[in-house]
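S.K.: For the sequence shown, the positions run 43 to 469 when this note's numbering is used. First the structure, which I've put down as structure tokens, then a few questions once you've had a look.
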Amino acid sequence: MSIWVVICAALVCFWVAKVLIWVWWKPRKLEKLLREQGFNGTSHMYMFGDLKQLVSTTKKARSKPIELSHSIVPRVFPFIHETIQRQGPMSYIWFGVTPRVNILDPDLIKDVLSNKFGHFSKIKKNPLRRLLAQGVANYDGEKWAKHRRIISPAFHLEKLKKNRRIKEIDREVRSILNDMINNREKATKNGELAHTNDLLGMLLDCNRKHIQENDNSKKFGMTIEDVIEECKLFYIAGQETTSSFLVWTMVVLSMHPEWQARAREEVLRAFGLDKPNLDALSHLKIVTMIFYEVLRLYPPATLLLRYCYKEMKLGNLTLPPGVEIAIPTILVHHDRTIWGKDAEEFNPMRFSEGISKATNNQVSFFPFGWGPRICLGQAFSLIETKMAIAMILQRFSFELSPTYAHAPYTLLTLRPQYGAQMILNKL
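Following this line, the structure appears as structure tokens:
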């Protein structure tokens, strides 16, 4: 009996020690290392860190709409905004027991997103989110590299021009996609189906070619399960980002009718009332400038997160393992030290000579991410939104309804909290 008591006591002591290391010793050690690097933030007090303040500040910010302007950062990210105002750009917050440092310097952002040493990984997703979609956006390491190599050709502009078919997905997404993929593969093998130009056909074609280029070894390709996850990701991520982008474009053009008129004039000059064609869409300079400015002010993804799992040199900083890195896209896009005094004003002319000129070749504009993990679907999203806005401009003028309340907030993507009520007038 005494031996079991000793064993139980030892196990209890072991687990108590592990918990103490997790909730007290490790956070204190990381805090000391960050302060030595010049970072400022609150002292870690208990296992929830700054979460209580973060939730209450966010709840308060979302309790009412704001005036109709593009100064939206205090509403979208109130806690991070207040932290940076109070602690400076070299700041951190406690996300539970994990310190999350805010990186706003374009040079440091470039180092993080380029991930040239491979020491930064994406934050692990909530298990519930994994039920929706995994795919290339959420993988790391060799699996990410393999999926990226296979999928990239399907998103080349020339192939996107051929993509005409959009498939509806109902509740039984997995079984439906599985049947579709198996039937497509069988039909192709039996010679019953020629090469197809929809997204699924291009994805399977790219996967097949990649396997053939590697001695027909299936270990170099994606499994059916992998293809299903990528299809789910294309549908969910594509729908979220594109719908968010289109909504904010219409809201902003309603706020700035002079730019709406200029965009319409360009579209009518290019197409008249005919259906826009993909080749000419890429030459709509004014519409492109407007799009970039909308993406700057209202980026669909407002925050990029990375995890430092090894000690990493970042500029003059040395980040210890166990630190999360937050790149608040929307704060960088609204930063007056980067964009000038009119950073929170709508001015598409800043992109009149392209992105490089507007950013002075800095990594300060990244609505779709940057570096090796830049969004594969950015060209697809831009084409889809450009096609939609061109067809709307051909047929309607639009303005915000008196019932519209300006309340940008983040739920997966940046969206209007109370919807975007608009009045469309047929031309």
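Even glycine gets a Cβ: it sits at the ideal position worked out from N, Cα and C.
1. Assess contact between the stretch 455 to 467 and the stretch 288 to 297, defined as three or more Cβ pairs (one per stretch) separated by less than 8 angstroms. Is contact present?
2. How would you call Asn249, buried or exposed, if buried means at least 16 neighbouring beta carbons within 10 angstroms?
3. Between Leu337 and the ligand NAD, is the CB less than 6 angstroms from at least one heavy atom?
4. From this set, Ile372, Phe422, Ser394 and Cys55, which residue's C-alpha is nearest Thr452's C-alpha?
5. Per DSSP, Lys468 is paired with what?
6. Please identify the residue among Leu155, Pro69 and Asp221 whose C-alpha is closest to the C-alpha of Pro370.
7. Which whole-angstrom value is the C-beta distance of Phe410 and Ile397, which I expect to be below 8 angstroms?
8. Which residue marks the beginning of the alpha helix (DSSP H) containing Ile328, and which one marks its end?
9. Three or more C-beta pairs under 8 angstroms: does that hold for the stretch 303 to 312 against the stretch 342 to 362?
10. Name the DSSP beta bridge partners of Ala368, please?
11. How would you write the range of the alpha helix (DSSP H) that Phe90 sits in, first residue to last?
12. State buried or exposed for Tyr340, treating a residue as buried only when at least 16 other CB atoms are found within 10 Å of its CB.
13. Phe422: buried (16+ other C-beta within 10 angstroms of its C-beta) or exposed?
14. Which class does Pro116 belong to by DSSP, given the choice of helix, strand or coil?
15. Reducing DSSP to helix, strand and coil, say where Phe81 ends up.
16. Can you name the start and end residues of the alpha helix (DSSP H) that Trp381 belongs to?
17. By Cβ distance below 6 angstroms, which residues in the same chain neighbour Ala322 in space, the five residues on each side in sequence not counted?
18. Can you name the residues that DSSP bridges to Leu356?
19. Once the 5 residues before and after Asp212 are set aside, which same chain residues still bring their CB inside 8 angstroms of it?
20. Can you tell me whether DSSP reads Leu315 as helix, strand or coil?
M.R.: The structure says:
1. With a cut-off of 8 angstroms, the stretch 288 to 297 and the stretch 455 to 467 count as touching, because enough Cβ pairs lie within range.
2. Result: buried.
3. Absent from the structure shown: the ligand NAD. Ligands present: none.
4. Selected option, being the one with the closest Cα: Ile372.
5. When DSSP reads this structure, Lys468 sits in a beta bridge with Phe438.
6. Ranking the options by Cα distance to Pro370, first place goes to Leu155.
7. Actually they are not in contact, since the Cβ atoms of Phe410 and Ile397 sit about 11 angstroms apart, beyond 8 angstroms.
8. Taken as a continuous stretch (DSSP letters only), the alpha helix (DSSP H) holding Ile328 covers Lys327 to Leu339.
9. No, the stretch 303 to 312 is not in contact with the stretch 342 to 362.
10. In DSSP, Ala368 forms a bridge with Asn144 and Leu347.
11. Run containing Phe90: none; DSSP gives neither H nor E here.
12. Label assigned to Tyr340: buried.
13. Residue environment: Phe422 is assigned as buried (16 or more neighbouring CB atoms within 10 Å of its CB, all protein chains considered).
14. In this structure, Pro116 counts as helix in the three-state DSSP scheme.
15. The answer is coil: DSSP assigns Phe81 none of H, G, I, E or B.
16. It spans Arg378 to Trp381 - the alpha helix (DSSP H) in which Trp381 sits, taken as one unbroken run.
17. The residues are Ala312.
18. Per DSSP, Leu359.
19. Note that Asp212 has pLDDT 46, beneath the 50 cutoff, so the model's placement of it is unreliable and the number below is only indicative. Correct list, in chain order: Ile218.
20. Residue state, collapsed to three classes: coil.
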